[in-house]
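Last residue of the sequence shown? That's 154 in this note's numbering, and every number before it is there in order.
Yeah, the Cβ is synthetic: ideal placement off N, Cα and C, and Gly gets one too.
Computed from a prediction, not measured in an experiment: that's the story for all the values here.
Everything on this sheet refers to the single structure shown next.
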Amino acid sequence: MMDTLLTVALTAREHAFAPFSKFKVGAALESQAGQIFTGCNIENATYGLTLCAERVAMFKAISEGARQFRRVAVAADTDALTPPCGACRQILWEFCGDIEIVLINPRGKIETHRLKDLFPKPFDVSYL
Ligand code: THU
27 MMDTLLTVAL TAREHAFAPF SKFKVGAALE SQAGQIFTGC NIENATYGLT LCAERVAMFK
87 AISEGARQFR RVAVAADTDA LTPPCGACRQ ILWEFCGDIE IVLINPRGKI ETHRLKDLFP
147 KPFDVSYL
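Put into structure tokens, the structure is as follows:
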């Protein structure tokens, strides 16, 4: 039976607004309290204003008062599972630290990573 966080990420992907790339991504972020915040990519005609699924989920969570997180799931329809982009790794690091990242596709292929491995030697508040 599939973990709820993963099914929720796959469902969030269905809400993606990706008319330009046609590349739909879903994310589900689990807080320490067990709440799940979802996100999908939201594209824009300027392209540059596009928001990734992970950042939508992250900012929804922050805006609703959550501050501690356990895991994030990222869903896309690729055989080589899609990892968070560089900008999202930075944002996830700043709000979540070395969080567990679960990648999934609609065929149920799953991989688990730690953010520290995907994003070694991050810049963060400790340097300021
Ligand atoms: N995208 C995400 O939502 N998350 C990622 O980690 C990788 C890329 C989106 C942005 C854009 O809408 C589309 O995927 C193609 O890059």
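Can you tell me where the beta strand (DSSP E) holding residue 99 begins and where it ends?
Segment 95-102, the beta strand (DSSP E) holding residue 99.
Measure the beta-carbon distance from residue 98 to residue 78 and round it to whole angstroms, keeping in mind my assumption that it falls under 8 Å.
About 12 Å; that fails the 8 Å criterion.
Going by C-alpha to C-alpha distance, which of 117, 152, 111 and 59 sits closest to residue 91?
Cα-wise, what sits closest to residue 91 is 59.
Bridge partners for residue 51 per DSSP, in chain order?
Answer is 102.
What residue range does the alpha helix (DSSP H) around residue 88 cover?
DSSP places residue 88 in the uninterrupted alpha helix (DSSP H) bounded by 79-89.
Specify whether the stretch 124-136 and the stretch 60-78 touch according to this definition: at least 3 beta carbon pairs, one from each stretch, less than 8 Å apart.
Taking a cut-off of 8 Å for Cβ pairs, the stretch 124-136 and the stretch 60-78 do not touch, as fewer than three such pairs fall below it.
DSSP has residue 34 in a bridge; who is on the other side?
Paired residues: none, contrary to the question.
Which residues count as close to the ligand ADP when the rule is a CB under 7 Å from any of its heavy atoms, in chain order?
Ligands present in the displayed structure are limited to the ligand THU, and the ligand ADP is not among them.
So, helix, strand or coil for residue 129, using DSSP?
Three-state DSSP puts residue 129 in a strand.
State the DSSP-derived secondary structure class of residue 65, mapped to helix, strand or coil.
Note: residue 65 maps to strand in three-state DSSP.
Which listed residue (101, 84, 29 and 42) has its alpha carbon closest to that of residue 113
Of the candidates 101, 84, 29 and 42, the one whose C-alpha sits nearest the C-alpha of residue 113 is 84.
Report, in whole angstroms, the separation of the C-beta atoms of residue 131 and residue 103, which I expect to be a contact under 8 Å.
Indeed, because the Cβ distance is near 6 Å, the residues count as touching under 8 Å.
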